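Counting in the working numbering, the sequence shown runs from 1 upward without gaps.
Cβ coordinates follow ideal geometry from the N, Cα and C atoms, glycine included.
Remember, predicted model here, so these are calculated numbers, not experimental data.
Reviewing the structure listed below.
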Amino acid sequence: MNDAIVLYCSLGGNTEEVAALIKEALSDRCRVHMHHVSEAPKNLPYEDSLLFLGAYTWGDGKLPAEMRKTLRRLYKEEGISPSDVACFGTGDKMFPLYCRAVDEMEHHTVRHGLTVIGPSLKIEQSPRNKKEEVRAWAETVHDIARHHQPIL
Numbered sequence: 001m002n003d004a005i006v007l008y009c010s011l012g013g014n015t016e017e018v019a020a021l022i023k024e025a026l027s028d029r030c031r032v033h034m035h036h037v038s039e040a041p042k043n044l045p046y047e048d049s050l051l052f053l054g055a056y057t058w059g060d061g062k063l064p065a066e067m068r069k070t071l072r073r074l075y076k077e078e079g080i081s082p083s084d085v086a087c088f089g090t091g092d093k094m095f096p097l098y099c100r101a102v103d104e105m106e107h108h109t110v111r112h113g114l115t116v117i118g119p120s121l122k123i124e125q126s127p128r129n130k131k132e133e134v135r136a137w138a139e140t141v142h143d144i145a146r147h148h149q150p151i152l
């Protein structure tokens, strides 16, 4: 695994900040491609890559439409097969379905026969005071993927 691909959707910038922290954490370990889902090029090296998927939770626990469309395109239309997938997201604990978008991304990933490694990362609102937490998570996920030993 020489590449990590970080695809995210962000409304207020919090999920984009998490994506940038993941990229920063892994930049000395592998080549990192980071893109907003609406700007991701079609020719990313998904095969044998570690794919990070990130989204905010919209409304009452919904996965944003742009991420839902991206998952449909990647999993159904293109049939990508990265080595492993890790999910992250931001949300607000004042809502009953906190960070449910992360759970939904995991569900779609497993449903299409891909391996989710983790645990997934859920950040309340902003990652500004959680830089080390995000770094440690990204490095752990990368190490798990490199050794192909998913946590059950």
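- For E124, the enclosing beta strand (DSSP E) stretches over residues L121 to E124.
- Counting C-beta pairs with one atom in each stretch, the region 74-85 and the region 12-24 have fewer than three that are closer than 8 Å, which means they do not touch.
- For M105, the uninterrupted alpha helix (DSSP H) run begins and ends at R100 to R111, by DSSP.
- Taking D48 as reference, the option from D143, D3 and R100 with the minimal CA-CA separation is D3.
- In the three-state reduction of the DSSP assignment, R31 falls in the strand class.
- Under DSSP, the beta-bridge partners assigned to C87 are L53.
- In the structure shown, L74 falls within a helical segment according to DSSP collapsed to helix, strand and coil.
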